[in-house]
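K.L.:
Per full-length UniProt numbering, the sequence shown starts with residue 1, numbered consecutively.
Have a look at this one.
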Amino acid sequence: MKKVYSLVATALFATSAMFAQNVEPLNLSGKIQIQRTMKLEKGLSPKAATDTAGWMTGTSFAPEFAGITGGVTQYGYLGGGYIFGSNVDNYNTCAQGYFNEDELNFDIDEVLFLAVAKDNDDVTSSATVTVYSMADNKAYNDNGSGSPALNSPGPNSSLGSGTILLSAVDTTWFPDFSVVTLTSPASVTGTDFAVAVNSNDLAGKGDTLGLLGDGDGDGYEYAFHNVGGNWYVTNFAFGGSLNANVAIFPVIGDQNVGIESNGYLNGLKMSAYPNPANDVININYGLENSSDEVTITIIDATGRVVEVINSGNKTTGEYVETINLADYTAGKYFYTVQTSNGTLTKKFVVTK
Numbered sequence: 001m002k003k004v005y006s007l008v009a010t011a012l013f014a015t016s017a018m019f020a021q022n023v024e025p026l027n028l029s030g031k032i033q034i035q036r037t038m039k040l041e042k043g044l045s046p047k048a049a050t051d052t053a054g055w056m057t058g059t060s061f062a063p064e065f066a067g068i069t070g071g072v073t074q075y076g077y078l079g080g081g082y083i084f085g086s087n088v089d090n091y092n093t094c095a096q097g098y099f100n101e102d103e104l105n106f107d108i109d110e111v112l113f114l115a116v117a118k119d120n121d122d123v124t125s126s127a128t129v130t131v132y133s134m135a136d137n138k139a140y141n142d143n144g145s146g147s148p149a150l151n152s153p154g155p156n157s158s159l160g161s162g163t164i165l166l167s168a169v170d171t172t173w174f175p176d177f178s179v180v181t182l183t184s185p186a187s188v189t190g191t192d193f194a195v196a197v198n199s200n201d202l203a204g205k206g207d208t209l210g211l212l213g214d215g216d217g218d219g220y221e222y223a224f225h226n227v228g229g230n231w232y233v234t235n236f237a238f239g240g241s242l243n244a245n246v247a248i249f250p251v252i253g254d255q256n257v258g259i260e261s262n263g264y265l266n267g268l269k270m271s272a273y274p275n276p277a278n279d280v281i282n283i284n285y286g287l288e289n290s291s292d293e294v295t296i297t298i299i300d301a302t303g304r305v306v307e308v309i310n311s312g313n314k315t316t317g318e319y320v321e322t323i324n325l326a327d328y329t330a331g332k333y334f335y336t337v338q339t340s341n342g343t344l345t346k347k348f349v350v351t352k
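This is how it looks when you write it as structure tokens:
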């Protein structure tokens, strides 16, 4: 975690020139309304391992969602709307940053997020998801005296984006995942990165969207809000009362860490064949280290869990799991291999 501490130090000891920014502190702590909470036992849920960044421990990315408090929260916004999502004050864009601990190069072609509420009257309402590279001194944080300074890492350059109709967003509690496919893959080249959900379109049409967060204390001050075109560290914007993460999870592109690759991501490499498939799909995965338990989860494009396969204890090596597709409808599916060391998600397509 040396990288985490060095970034925090950067935020605390930025140069005095950065302190001179003419930006007023927000201090929105009075706007936080805790509407619903629950404990999250990811290891017991079939919906557990559905992302490659942020959901499980033992990965190449941090922070882990709900990794400290073990709880998740629906955060309302005083006056109407939600802290993460859209609200009456039009702070409608939030982002979750990720530490790229191993400075990996990879593509992101889908993003999953967990929504907890929506009001949808306009059939054209949508949200936009954007993947950003991150850089130092791109977000406002505390200068040490309670005033804003442009001294924190934050979202920098757009790497790729996609949209989702609000009508397609699933808000079942406990939420199913909503899936956004990027227009073209976002290439991350060794840097930290962030994924933002922009709700301005739906908010402008009178609709609302709320995303799930974890507990205050789970975050590394790596969640952000965009206010007037400026990025703020969420915890700073909300008066130091919301050091939490927002449930936005990027999916690593299928072309990365295939079974023929020399390297691993989160201790795994894997491929599915044939892809597209019709009758059966073979999931070929390799383990860098032994695992007490290996679980394969299949999720459809709506975020619904279709099948869970418990493969038991596995030693280092390569394995193949063959899945009968007789009961699968045509479409796109995500397959996740979860081990005691990490998790990895890719996709396959079924044709009928």
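Built from N, CA and C at the ideal position, the CB exists for glycine as well.
It should be emphasised that the depicted structure is a prediction, and the values quoted were computed from it without experimental measurement.
1) For Asn230, which residues of its own chain have a beta-carbon under 7 Å away from its beta-carbon, when the five flanking residues on both sides are left out?
2) Using 8 Å as the Cβ pair cut-off and three pairs as the minimum, do the segment 217-233 and the segment 86-106 touch?
3) Run the CB neighbour count on Val280, radius 10 Å, all protein chains shown included, and call it buried at 16 or more, exposed below.
4) Enumerate in chain order the residues of its own chain whose CB-to-CB distance from Gly317 is below 8 Å, with the five nearest sequence positions on each side excluded.
5) Could you check how far apart the C-beta atoms of Tyr132 and Ala194 are, in whole angstroms? I think they sit under 8 Å.
6) Is the beta carbon of Ser125 closer than 7 Å to that of Thr208?
7) Enumerate in chain order the residues of its own chain whose CB-to-CB distance from Lys47 is below 7 Å, with the five nearest sequence positions on each side excluded.
8) Applying the 10 Å Cβ sphere with the 16-neighbour rule, what's the burial state of Lys352?
9) By Cβ distance below 6 Å, which residues in the same chain neighbour Thr37 in space, the five residues on each side in sequence not counted?
10) According to DSSP, Lys205 sits in a beta bridge with which residue or residues?
11) Just verifying my parser: in three-state terms, what is the DSSP assignment at Leu242?
12) Smallest Cα separation from Gly79: which of Ala117, Leu104 and Ile32?
13) For Ser178 and Asn120, which I take to be in contact (beta-carbon distance under 8 Å), what is that distance rounded to the nearest angstrom?
14) Are Val180 and Gly162 close, meaning C-beta to C-beta below 7 Å?
15) Between Val350 and Tyr333, which are expected to be in contact by the criterion C-beta below 8 Å, what is the C-beta distance as a whole number of angstroms?
16) Going by DSSP, name the residue or residues bridged to Ile108.
17) Using a Cβ-Cβ cutoff of less than 7 Å, which residues in the same chain neighbour Asn243 once the five nearest sequence positions on both sides are dropped?
18) So what's Gly30 in DSSP terms, helix, strand or just coil?
19) Quick one: Cα of Phe238 to Cα of Trp173, how far?
20) Just the C-alpha distance for Phe84 and Asn198, rounded to the nearest angstrom, thanks.
21) Looking at the secondary structure, which residues open and close the beta strand (DSSP E) in which residue 372 lies?
22) Should Ser291 be labelled buried (16 or more other beta-carbon atoms within 10 Å of its own) or exposed?
23) Should Thr345 go down as buried or exposed, given a rule of 16 or more other Cβ atoms within 10 Å for buried?
24) Buried or exposed for Glu293, please, with buried defined as at least 16 other CB atoms from any protein chain shown within 10 angstroms of its CB.
25) What do you get for Ala326, buried or exposed, if any count of 16 or more other CB atoms within 10 angstroms of its CB means buried?
26) Does DSSP put Asn235 in a helix, a strand or coil?
27) Can you list, in chain order, the residues of its chain with a C-beta nearer than 8 Å to that of Tyr227? Leave out the 5 residues immediately preceding and following it.
28) Could you give the DSSP three-state label for Ser86: helix, strand or coil?
29) Determine which residues share a DSSP beta bridge with Gly286 and list them.
30) Judging by CA-CA distance, which residue of Thr343, Ile108, Ser147 and Val246 is the nearest neighbour of residue 429?
31) On the DSSP bridge assignment, give the partners of Asn230 in chain order.
32) With DSSP as the reference, label Ala139 as helix, strand or coil.
33) Cβ atoms of Asn284 and Gly267: under 7 Å apart, would you say?
P.N.:
According to the data block:
1) The residue labelled residue 230 in the question sits at position 230 within the sequence shown. Val23 and Tyr140, listed in sequence order.
2) Taking 8 Å as the limit for Cβ pairs, the verdict is that the segment 86-106 does touch the segment 217-233.
3) Stepping through the sequence shown from its first residue, residue 280 is reached at position 280. Note on Val280: under 16 other CB atoms within 10 angstroms of its CB, so exposed under the neighbour-count rule.
4) Within the sequence shown, numbered from 1, the residue matching residue 317 stands at position 317. Answer for Gly317: Gly286 and Leu287, listed in chain order.
5) One-based indexing of the sequence shown puts residue 132 at position 132. One-based indexing of the sequence shown puts residue 194 at position 194. The beta carbons of Tyr132 and Ala194 sit about 5 Å from each other, so the pair counts as a contact at 8 Å.
6) Along the sequence shown, one-based indexing puts residue 208 at 208. Along the sequence shown, one-based indexing puts residue 125 at 125. Their beta carbons are not under 7 Å apart, which means Thr208 does not touch Ser125 by this criterion.
7) Here residue 47 refers to the residue found at position 47 of the sequence shown. Because Lys47 sits at a pLDDT of 35, beneath the cut-off of 50, its placement in the model cannot be relied upon, and the following sentence gives the value as read from the coordinates. When the five nearest sequence neighbours on each side are left out, the beta carbons in the same chain lying within less than 7 Å of the beta carbon of Lys47 are those of Val305, in order along the chain.
8) Position 352 of the sequence shown, counted from the start, is the residue given in the question as residue 352. It is exposed - the Cβ of Lys352 has fewer than 16 other Cβ atoms within 10 Å.
9) Counting from 1 along the sequence shown, the entry for residue 37 is found at position 37. The answer, listed in chain order, is Gly71 and Thr73.
10) Against the sequence shown, residue 205 aligns to sequence position 205. Per DSSP, none; premise fails for Lys205.
11) The count along the sequence shown starts at 1 and reaches residue 242 at position 242. Leu242 falls in the coil class under three-state DSSP.
12) Taking the first residue of the sequence shown as 1, we reach residue 79 at position 79. The shortest Cα separation from Gly79 among Ala117, Leu104 and Ile32 belongs to Ile32.
13) Within the sequence shown, residue 178 is the residue found at index 178, counting from 1. Within the sequence shown, residue 120 is the residue found at index 120, counting from 1. About 13 Å separates the CB atoms of Ser178 and Asn120; that is not less than 8 Å, and the two are not in contact.
14) In the sequence shown, the residue the question calls residue 180 occupies position 180. In the sequence shown, the residue the question calls residue 162 occupies position 162. Val180 places its beta carbon less than 7 Å from that of Gly162.
15) As a working mapping, residue 350 is identified with position 350 in the sequence shown. As a working mapping, residue 333 is identified with position 333 in the sequence shown. The Cβ separation is near 6 Å, so the contact holds.
16) As a first step, residue 108 is located in the sequence shown; it is residue number 108 there, counting from the start. Answer is Ala186 and Ile252, bridged to Ile108.
17) Locating residue 243 in the sequence shown gives position 243, counting from the first residue. Sequence-distant partners of Asn243 (beyond 5 residues in either direction) whose C-beta falls short of 7 Å from its own C-beta, in its chain, are Asp216, Gly217, Gly219, Glu221 and Asn235.
18) For this step, residue 30 is matched to residue 30 along the sequence shown. Gly30: helix per DSSP, three-state reduction.
19) Taking the sequence shown and counting its residues from 1, the one referred to as residue 238 is at position 238. Taking the sequence shown and counting its residues from 1, the one referred to as residue 173 is at position 173. Phe238 and Trp173: Cα-Cα distance of roughly 26 Å.
20) Residue numbering aside, residue 84 sits at position 84 when the sequence shown is read from its first letter. Residue numbering aside, residue 198 sits at position 198 when the sequence shown is read from its first letter. Near 10 Å, if we compare the C-alpha coordinates of Asn198 and Phe84.
21) The shown model of the chain, from 1 to 352, leaves out residue 372, and the question about it has no answer.
22) Counting from 1 along the sequence shown, the entry for residue 291 is found at position 291. By the neighbour-count criterion, in which 16 or more other beta carbons inside 10 Å mark a residue as buried, Ser291 falls on the buried side.
23) For the purposes of this step, residue 345 is identified with residue 345 of the sequence shown, where counting begins at 1. So Thr345 ends up on the buried side.
24) To locate residue 293, count along the sequence shown from 1; it is residue 293. It counts as exposed.
25) Sequence index remark: in the sequence shown, residue 326 carries index 326 (1-based). Under this definition Ala326 is an exposed residue.
26) On the sequence shown, position 235 is the one that residue 235 refers to. The three-state reading of DSSP puts Asn235 in helix, counting H, G and I together.
27) If you number the sequence shown from 1, residue 227 lands on position 227. Per the sequence shown, residue 227 should be read as Val rather than Tyr. In its chain, beyond the 5 residues on either side, Leu26, Tyr91 and Ala237 have a beta carbon closer than 8 Å to the beta carbon of Val227.
28) Translated into the one-based positions of the sequence shown, residue 86 becomes position 86. DSSP places Ser86 in coil when its eight states are reduced to three.
29) Counted from its first residue, the sequence shown places residue 286 at position 286. Paired residues: Lys269 and Glu318.
30) There is no way to answer for residue 429, as the model of the chain reaches only from 1 to 352.
31) Translated into the one-based positions of the sequence shown, residue 230 becomes position 230. DSSP output for Asn230 lists Val227 as bridge partner(s).
32) Counted from its first residue, the sequence shown places residue 139 at position 139. Reduced to three states, the DSSP call for Ala139 is strand.
33) In the sequence shown, counting from the first residue as 1, residue 267 sits at position 267. In the sequence shown, counting from the first residue as 1, residue 284 sits at position 284. No, Cβ-Cβ distance for Gly267 and Asn284 is not below 7 Å.
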